[in-house]
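Protein chains in written order, with my numbering: chain A, 4 to 119; chain B, 9 to 118. Even glycine gets a Cβ: it sits at the ideal position worked out from N, Cα and C.
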């Protein structure tokens, strides 16, 4: 079975540029999560969607960050303009909170973002 | 806020047992998880336990939960070099509110 698919795996860009990270959740999962991982702060939840609707975006650091989920099989996380301190690994995870009572989140392999 | 704490490093010899410990503060936690992260990869769900259980065993993995002390442990029997990774403890109430520890880096020496 295909897991959570993220693209690109690596992104290097100059500060000020727009960055778009993409995620395809596991088919049938109705919840999608965006996390950021850094050495200093560990794993931080940025935002999560339930049935394509953003439920909690309190972890989004600034207005420069935005996330969308236009349909059940696709989500984007956008940073505009990007800054060096946004450099991190960004993970997408999905779960099915309706039928899977154990509710574990399944993670993609992440996008390693470097802002120069 | 609620915290999940783990020691940062653990080093064991190949063939020994590894025990990774975790403490959490939210007594309402209903689900507790262990994830493994290998270099350059995402978090892989290893195992999970519901809060009304004390123990769960899955092949070389044993999870022990002491709900009174809010202490969770992961024991890996016969640790192999391929077990070297970062192990994250996590807890949640509803499933959409997971809180992760900082991760324990396990190094297995031959």
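Kindly give me the distance between the Cβ atoms of residue i and residue j, rounded to whole angstroms, as I take these residues to be in contact under 8 angstroms.
{"i": "residue 49 of chain A", "j": "residue 39 of chain A", "result": "6 angstroms"}
{"i": "residue 13 of chain B", "j": "residue 31 of chain B", "result": "5 angstroms"}
{"i": "residue 94 of chain A", "j": "residue 82 of chain A", "result": "With 8 angstroms as the limit, residue 94 of chain A and residue 82 of chain A do not qualify as a contact, their Cβ atoms being about 15 angstroms apart."}
{"i": "residue 117 of chain A", "j": "residue 20 of chain A", "result": "Their Cβ separation, rounded to whole angstroms, is 12 angstroms, which puts residue 117 of chain A and residue 20 of chain A out of contact at 8 angstroms."}
Output the distance between the C-alpha atoms of residue i and residue j, rounded to the nearest integer angstrom.
{"i": "residue 98 of chain A", "j": "residue 110 of chain A", "result": "9 angstroms"}
{"i": "residue 61 of chain A", "j": "residue 22 of chain B", "result": "43 angstroms"}
{"i": "residue 95 of chain B", "j": "residue 18 of chain A", "result": "33 angstroms"}
{"i": "residue 8 of chain A", "j": "residue 31 of chain A", "result": "14 angstroms"}
{"i": "residue 16 of chain A", "j": "residue 71 of chain B", "result": "42 angstroms"}
{"i": "residue 100 of chain B", "j": "residue 108 of chain A", "result": "11 angstroms"}
{"i": "residue 76 of chain B", "j": "residue 61 of chain B", "result": "12 angstroms"}
{"i": "residue 100 of chain A", "j": "residue 104 of chain B", "result": "8 angstroms"}
In three-state terms, what does DSSP make of residue i?
{"i": "residue 60 of chain A", "result": "coil"}
{"i": "residue 41 of chain A", "result": "strand"}
{"i": "residue 66 of chain B", "result": "strand"}
{"i": "residue 88 of chain A", "result": "helix"}
{"i": "residue 87 of chain B", "result": "coil"}
{"i": "residue 27 of chain A", "result": "strand"}
{"i": "residue 75 of chain A", "result": "coil"}
{"i": "residue 13 of chain A", "result": "strand"}
Would residue i be called buried (16 or more neighbouring beta carbons within 10 Å of its own) or exposed?
{"i": "residue 42 of chain B", "result": "buried"}
{"i": "residue 84 of chain B", "result": "buried"}
{"i": "residue 44 of chain B", "result": "buried"}
{"i": "residue 37 of chain A", "result": "buried"}
{"i": "residue 58 of chain A", "result": "exposed"}
{"i": "residue 58 of chain B", "result": "exposed"}
{"i": "residue 78 of chain A", "result": "buried"}
Mind listing, in chain order, the continuous alpha helix (DSSP H) runs of no fewer than 4 residues lying wholly within the stretch 35–65 of chain B?
none
Runs of beta strand (DSSP E) lying entirely within the stretch 71–117 of chain B, each at least 3 residues, in chain order:
79–84, 93–100 and 112–117
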